[in-house]
Amino acid sequence: QQPVQSPQAVILREGEDAVINCSSSKALYSVHWYRQKHGEAPVFLMILLKGGEQKGHEKISASFNEKKQQSSLYLTASQLSYSGTYFCGTEIRNQGGKLIFGQGTELSVKP
Amino acid sequence: NAGVTQTPKFQVLKTGQSMTLQCAQDMNHNSMYWYRQDPGMGLRLIYYSASEGTTDKGEVPNGYNVSRLNKREFSLRLESAAPSQTSVYFCASRRTGPANEKLFFGSGTQLSVL
Numbered sequence: 001q002q003p004v005q006s007p008q009a010v011i012l013r014e015g016e017d018a019v020i021n022c023s024s025s026k027a028l029y030s031v032h033w034y035r036q037k038h039g040e041a042p043v044f045l046m047i048l049l050k051g052g053e054q055k056g057h058e059k060i061s062a063s064f065n066e067k068k069q070q071s072s073l074y075l076t077a078s079q080l081s082y083s084g085t086y087f088c089g090t091e092i093r094n095q096g097g098k099l100i101f102g103q104g105t106e107l108s109v110k111p
Numbered sequence: 001n002a003g004v005t006q007t008p009k010f011q012v013l014k015t016g017q018s019m020t021l022q023c024a025q026d027m028n029h030n031s032m033y034w035y036r037q038d039p040g041m042g043l044r045l046i047y048y049s050a051s052e053g054t055t056d057k058g059e060v061p062n063g064y065n066v067s068r069l070n071k072r073e074f075s076l077r078l079e080s081a082a083p084s085q086t087s088v089y090f091c092a093s094r095r096t097g098p099a100n101e102k103l104f105f106g107s108g109t110q111l112s113v114l
């Protein structure tokens, strides 16, 4: 039931773009995206509640393909501050708010 | 606002000892969660509670018990700690209902079981 994230790790130079994917074997009600810096708690980025929905947060945006049971996080013109581990969290319908996270994608942005 | 408060921040236990991790939120959220985080494993759900008086198992509930004491507090108990329970534990809360909202996390508890 745990969603699968890919890639597991990515290294970028400042200004480059990246895509992180999150896929589920079950039909999804919503997808959350969080970023975690080392030694800190995860921080909310965005939540997608409807199939096909796309949301943006500065230069970070995400899409949700309900039919394919997957979501993608897009980071454009990356900055050093984007470094961290990105987690998608998924909810399945009628499970009383149960929220399961993927294993994470470690992103490193180099100067 | 304090948000989600977890105590303690650090704890070292010997195998077989018991302890309770405390969590409280002041945002009037109905849902609360306990996750553990191990390197390469992401955040794994231990237990969650959709409302006061209800609790449900997550992905890795074995070896843990929880209590939703009231709407604010959700505690996690290790009855007989094992080295495999060495981890960072996060409590989180959010509002769920007609529209499920984002999670707010506590700062975490680093637990070592020797």
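Quick note, the sequences are listed as chains A and B, same order. Heads up: the first sequence begins at 1 in my numbering, then just goes up one per residue. Heads up: the second sequence begins at 1 in my numbering, then just goes up one per residue. Quick reminder that beta carbons are idealized off the backbone N, C-alpha and C, glycines included.
Three or more C-beta pairs below 8 Å linking the segment 48–65 of chain B and the segment 77–96 of chain B: Touching, yes.
Starting from A/M46, trace the beta strand (DSSP E) both ways and give me its first and last residue. It spans V43 to L48 - the beta strand (DSSP E) in which A/M46 sits, taken as one unbroken run.
Cα separation between A/I60 and A/T76? For A/I60 and A/T76, the distance between alpha carbons rounds to 6 Å.
Which whole-angstrom value is the C-beta distance of B/E101 and B/A24, which I expect to be below 8 Å? Between B/A24 and B/E101 the Cβ distance is about 19 Å, and since that is not below 8 Å, they are no contact.
Less than 8 Å separating the beta-carbons of A/G96 and A/H32? Against a cut-off of 8 Å, the Cβ pair of A/H32 and A/G96 comes out as no contact.
A/Y82 by DSSP, collapsed to three states: which one? Here A/Y82 sits in helix by DSSP.
If you pair each beta-carbon of the segment 66–82 of chain A with each one of the segment 6–14 of chain B, do three or more pairs fall below 8 Å? The segment 66–82 of chain A makes no contact with the segment 6–14 of chain B; the number of CB pairs closer than 8 Å stays below 3.
Look at the Cβ atom of B/R77, then the Cβ atom of B/T54, and state whether they are nearer than 8 Å. Going by C-beta atoms, B/R77 is not nearer than 8 Å to B/T54.
Could you work out which residues of chain B lie near A/A41, taking near to mean beta carbons separated by less than 8 Å? Neighbours of A/A41 on chain B, chain order: F90, F105, G106, S107 and G108.
Our contact map puts A/S24 next to A/P42 with C-beta atoms below 8 Å; I'd like the distance itself, whole angstroms only. Not really, about 19 Å apart at Cβ, beyond 8 Å.
Using the three-state DSSP reduction, which class does B/Q6 fall into: helix, strand or coil? DSSP places B/Q6 in strand when its eight states are reduced to three.
Burial state of A/K68, where buried means 16 or more other Cβ atoms lie within 10 Å: Under a 10 Å Cβ-count criterion, A/K68 is classified as exposed, with fewer than 16 other Cβ atoms of the shown protein chains found around its own Cβ.
In the DSSP assignment, the beta strand (DSSP E) including B/M32 goes from what residue to what residue? It spans S31 to D38 - the beta strand (DSSP E) in which B/M32 sits, taken as one unbroken run.
Interface flag, B/G53 vs chain A, CB-CB below 8 Å: Not a single CB atom of chain A sits nearer than 8 Å to the CB of B/G53.
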